[in-house]
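Contents: one structure, followed by commentary.
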Amino acid sequence: MISLEVKACGPMTSLQDHGRAGYQRFGVSPSGAMDFRSLAAANALVGNPPDTAGIEFVNLGGAFTCAGGDLGIALVGAECALTIDGAQIPAQTSVILKEGQTAQVGHARSGTFAYLAVAGGFSVEPQLGSLSFHLRSRLGGLNGSPLKAGDRLPCDAGAQAGEPMHLPLDLRGGEDPIRVMLGPQDDYFTPDAIETFLSEEFTVSPQADRMGFQLTGPRIEHAKGFNIVSDGIVTGHIQIPGSGHPIVLMRDRQTAGGYPKIATVIGADLDRFAQLRPGSPVRFRAVDRAEAVAAARAYRDWIAALPEALMPVRFDLTTEHLLSVNLIGGAVDALSR
Amino acid sequence: MWKGRDQVRHDQRGIVSTPRVLACGDGALSVEFGDTVDPDLNGKVLALDEILRERAPAGLLETVPTYRSLLVQFDPTVTDFDALAGLLAREAERLAPQASAGRRWSVPVLYGDPYGIDLDEIADRHGLTVRQVIDLHAGAIYRVYMIGFLPGFAYLGGLDPKLVTPRRTQPRAKIPSGSIIIGGAQAAVGSIECPSGWHILGRTPVRSYAPERDPAFLLAAGDEVVFAPIDASRWDAMERAALAGEPVAEEVSR
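Right under this line is the structure:
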């Protein structure tokens, strides 16, 4: 059986897929890839359905050795170097990791979350229907844990390594404001507070993790207190606790909460927001439902079109080849034009 | 048509005559029956939840019943908010609250030492004996209003007013799994180890959430819970049984 052996990795490196559906009523967070479109893109590069579980890196990289056969791999997301036995692989390009070779993922130079997909996915038993690791409930991942040195990830034996491909799409987020829909508790805030929220700049604080991103900036004043009887939470809800500083609830959020939610990040902008590093400026723009739904459709269509966006890499991206050809960067640039 | 927030009327208990339907971004809405903790209000939430689970409209992804509202998550590229909101408002308006839909569980509790580290303080604070606190806490029938915060964490209503106690000013970073706790007018059966500002009266060997067990979750919103005090000598055997996958909590008749 082909497997990937973890030689080293950052402490929050974990398996993530589309998340855990159907258990929020029992208090189970959905989890899932923080930047799902990058996971979907990595999966497309190795011929997988978009929601196949991949390895999520959080700022720090890792090293993985292939055993038992050859394995198609691809890395997409935060800007991280990928090398195979020391040879640099171009960004957003799948490659065959041969038996005995080591793939090294560097730390993130911009963005936070990167995804390594393997052809065929991992042969790991899902928990409550998903491989997504959730820290607080110790669910998913490898036996309820993040990855660590010494772990062995069994891969799907039937998968073909496939032809190396390149994805000539720019996945970087840009600096447009993050789109939100107001509510569900915008009536807990004064019109001035809502105006402040939509017009001022905020900064992603160092308290930003898979559960939520705290923002600093102008205080958002409540109109009628900040305690509500707990109600349901969705990913992207922006709650304003007593401090007046917003918390954007992310994939590992709790399922219910008792602070008023001024607005909700639309589904199509969650991935882009997730890649903002601590210290990054962020602005919000309110959109109506029609614009949010149009964005949701465009997002769905973008994911569905990923396989068609791929371009074959016209030579064998093996280490030997990469070492012998010094023009990889130029060749790939030519492909993407 | 569903009502905007300006048209809402509340009755004396804070239950709205017509529920509000609030957008939660593009992929969810909240059907809000009120803003209080009340069994009839919660009963309507659960009744609407049951209707949706039995007859799921196209595009419905997941529902989450809470104290006072039903969160409905859907795929906005499949269904239309207005159609879904209209359907839910119509159903919600003619709902009879679900009196008590669920099962009644007897949950064994070891009160006081070594786990119930706040029991003495709660007794002092309310001028009661430890025995009286245990009798009041174990003498009530609780309703599971919702499961949330953590997998299997059961929020209960029905705490005796004599035991209502503000939360701790300094939350604890960790309380053990299965802690039996009270905070404000609420009570709870804890699940896994977690941070908490509630007061710990005791601990149950019952694992309301055990991922390897079938079912992984014992308690559900709408169930009832009664507590059965146990002697310290029974703890080890019951804990072993729970770890082996036994429910340990018993389903009892009303």
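Just so you know, the protein sequences line up as chains A and B, in that order.
If you number the first sequence the way my numbering does, the last residue is 337 and the count never jumps.
If you number the second sequence the way my numbering does, the last residue is 591 and the count never jumps.
For glycine and all other residues, C-beta sits at the position ideal for the given N, C-alpha and C.
Would LEU580 of chain B be called buried (16 or more neighbouring beta carbons within 10 Å of its own) or exposed? Numbered from its first residue, the second sequence carries residue 580 of chain B at position 243. Exposed.
Closer than 8 Å at the beta carbon, the chain A residues around VAL374 of chain B: Your numbering for residue 374 of chain B matches position 37 in the second sequence. Those are VAL229, listed as they occur along chain A.
Looking at chain D, is there any beta carbon in it that lies within less than 8 Å of the beta carbon of THR102 of chain A? The structure shown has no chain D; the protein chains it does contain are A and B.
Is the shortest distance between the beta-carbon of VAL325 of chain A and the beta-carbons of chain B less than 8 Å? Position 325 of the first sequence, counting from 1, holds the residue named residue 325 of chain A. With a pLDDT of only 45 at VAL325 of chain A, under the threshold of 50, the placement of this residue in the model should not be trusted; the figure read from the coordinates follows. So, not an interface residue.
Under 7 Å Cβ to Cβ from PRO184 of chain A, same chain only, skipping five residues before and after it: list those, please. Position 184 of the first sequence holds residue 184 of chain A. Result list for PRO184 of chain A: LYS261, in chain order.
With a Cβ-Cβ cutoff of 8 Å, do LEU421 of chain B and LEU385 of chain B count as a contact? Position 84 of the second sequence, counting from 1, holds the residue named residue 421 of chain B. Position 48 of the second sequence, counting from 1, holds the residue named residue 385 of chain B. No, the Cβ-Cβ distance between LEU421 of chain B and LEU385 of chain B is not below 8 Å.
On the three-state DSSP scale, how would you describe PRO584 of chain B? Position 247 of the second sequence, counting from 1, holds the residue named residue 584 of chain B. DSSP places PRO584 of chain B in coil when its eight states are reduced to three.
Output yes or no for whether 8 Å exceeds the beta carbon distance between ARG480 of chain B and GLY494 of chain B. On the second sequence, position 143 is the one that residue 480 of chain B refers to. On the second sequence, position 157 is the one that residue 494 of chain B refers to. Cβ distance < 8 Å, so ARG480 of chain B and GLY494 of chain B count as in contact.
Is CYS66 of chain A closer than 8 Å to GLY100 of chain A when the C-beta atoms are compared? The sequence position of residue 100 of chain A within the first sequence is 100, counting from 1. The sequence position of residue 66 of chain A within the first sequence is 66, counting from 1. The answer is yes: Cβ separation under 8 Å.
By the three-class DSSP mapping on this structure, what secondary structure does PHE490 of chain B have? Numbered from its first residue, the second sequence carries residue 490 of chain B at position 153. Look at PHE490 of chain B here: in three-state DSSP terms it is coil, with no helix or strand label.
Quick check on the burial criterion: 16 or more other C-beta atoms within 10 angstroms. Buried or exposed for MET250 of chain A? Along the first sequence, read from residue 1 onward, the residue named residue 250 of chain A stands at position 250. The residue is buried, with at least 16 neighbouring Cβ atoms inside 10 Å.
For LYS340 of chain B, would you say it is in contact with chain A, using Cβ-to-Cβ distances shorter than 8 Å as the test? As a first step, residue 340 of chain B is located in the second sequence; it is residue number 3 there, counting from the start. Only weak support exists for where LYS340 of chain B lies, its pLDDT of 39 falling under 50; the coordinates are left without a value.
For ALA274 of chain A, three-class secondary structure by DSSP: On the first sequence, position 274 is the one that residue 274 of chain A refers to. Reduced to three states, the DSSP call for ALA274 of chain A is helix.
Within the stretch 207–263 of chain A, note down every full beta strand (DSSP E) run reaching 3 residues or more, in order along the chain. For the beta strand (DSSP E) assignment, the uninterrupted runs of no fewer than 3 residues enclosed by the stretch 207–263 of chain A are, from N- to C-terminal side, 212–216, 237–239 and 247–249.
Between the stretch 18–27 of chain A and the stretch 82–91 of chain A, are three or more C-beta pairs nearer than 8 Å? no
Give the list of continuous beta strand (DSSP E) stretches no shorter than 3 residues that lie fully inside the stretch 116–190 of chain A. Within the stretch 116–190 of chain A, the runs of beta strand (DSSP E) at least 3 residues long that lie entirely inside it are, in chain order, 152–154 and 178–182.
Taking only three categories from DSSP, how would you classify GLN523 of chain B? Taking the first residue of the second sequence as position 1, residue 523 of chain B is located at position 186. Three-state DSSP puts GLN523 of chain B in a strand.
From the DSSP output, in three-state form, read off GLU549 of chain B for me. By 1-based counting over the second sequence, the position of residue 549 of chain B is 212. Correct three-state label for GLU549 of chain B: coil.
Run down chain A in chain order and give the residues with a C-beta less than 9 Å from the C-beta of TYR404 of chain B. Within the second sequence, numbered from 1, the residue matching residue 404 of chain B stands at position 67. Correct list: VAL229, SER230, ASP231 and ALA256.
Expected contact under 8 Å - CB spacing of GLY69 of chain A and ILE2 of chain A to nearest Å: Translated into positions along the first sequence, residue 69 of chain A becomes position 69. Translated into positions along the first sequence, residue 2 of chain A becomes position 2. Yes, GLY69 of chain A and ILE2 of chain A are in contact; Cβ-Cβ is about 4 Å, under 8 Å.
Counting only Cβ pairs nearer than 8 Å, list the residues of chain A close to LEU580 of chain B. If you number the second sequence from 1, residue 580 of chain B lands on position 243. Within chain A, no C-beta atom comes nearer than 8 Å to that of LEU580 of chain B; the closest sits roughly 15 Å away.
Roughly how many angstroms lie between the CA atoms of VAL628 of chain B and VAL229 of chain A, to the nearest whole one? Beyond the ends of chain B as shown, which are 338 and 591, falls residue 628 of chain B; an answer cannot be given.
Short check: CB of ASP271 of chain A to CB of LEU131 of chain A, under 8 Å? As a working mapping, residue 271 of chain A is identified with position 271 in the first sequence. As a working mapping, residue 131 of chain A is identified with position 131 in the first sequence. Taking 8 Å as the Cβ cut-off, ASP271 of chain A and LEU131 of chain A do not qualify as a contacting pair.
Nearest to ILE471 of chain B by CA position, among B:ARG591, B:ARG441 and B:ASP568, is which residue? Stepping through the second sequence from its first residue, residue 471 of chain B is reached at position 134. Residue B:ASP568 is the option with its Cα nearest to ILE471 of chain B.
Reduced DSSP secondary structure (H/G/I, E/B, other) of VAL543 of chain B: As a first step, residue 543 of chain B must be located in the second sequence, where it is residue number 206. Coil at VAL543 of chain B, not helix or strand.
Under 9 Å, CB to CB, which of the residues in the stretch 508–536 of chain B have a partner in chain A? SER528, ILE529 and CYS531
Would you mind working out which of B:GLY520, B:HIS463 and B:GLY449 sits nearest TYR492 of chain B, comparing C-alpha positions? For this step, residue 492 of chain B is matched to residue 155 along the second sequence. Of B:GLY520, B:HIS463 and B:GLY449, the residue nearest in Cα terms is B:GLY520.
In the DSSP output, what is TYR23 of chain A paired with across the bridge? Within the first sequence, residue 23 of chain A is the residue found at index 23, counting from 1. Paired residues: none, contrary to the question.
Within 8 Å of chain A by C-beta, residues of the stretch 476–506 of chain B in sequence order: For the stretch 476–506 of chain B, which is checked against every Cβ of chain A, the residues closer than 8 Å are MET483, ILE484, GLY485, PHE486, LEU487, PRO488, GLY489, PHE490 and TYR492.
Going by other Cβ atoms of all chains shown within 10 Å of its Cβ, with 16 needed for buried, is ALA114 of chain A buried or exposed? As a position in the first sequence, residue 114 of chain A is number 114, starting the count at 1. Classification for ALA114 of chain A: buried.
Would you check whether the ligand MG has a heavy atom nearer than 7 Å to the C-beta of LEU407 of chain B? For the structure depicted, the ligand MG is absent and the ligand set is empty, with no information on it obtainable.
Does ALA426 of chain B come out as helix, strand or coil in the three-state DSSP assignment? Working through the second sequence from its first residue, we reach residue 426 of chain B at position 89. Here ALA426 of chain B sits in helix by DSSP.
Give me the chain B residues within the contact set of HIS237 of chain A, using Cβ-Cβ distance strictly less than 8 Å, ordered along the chain. Position 237 of the first sequence, counted from the first residue, corresponds to residue 237 of chain A. Simply CYS361 and GLY362.
Starting from CYS9 of chain A, follow its DSSP beta bridges and name the residues at the other end. In the first sequence, the residue the question calls residue 9 of chain A occupies position 9. In DSSP, CYS9 of chain A forms a bridge with A:GLY62.
Enclosing beta strand (DSSP E) for ILE84 of chain A [first to last residue]: The residue you call residue 84 of chain A lines up with position 84 of the first sequence. Residues 82–84.
Is the stretch 395–411 of chain B in contact with the stretch 219–237 of chain A, if contact means three or more CB pairs nearer than 8 Å? Taking a contact to require three or more Cβ pairs closer than 8 Å, the stretch 395–411 of chain B and the stretch 219–237 of chain A qualify as touching.
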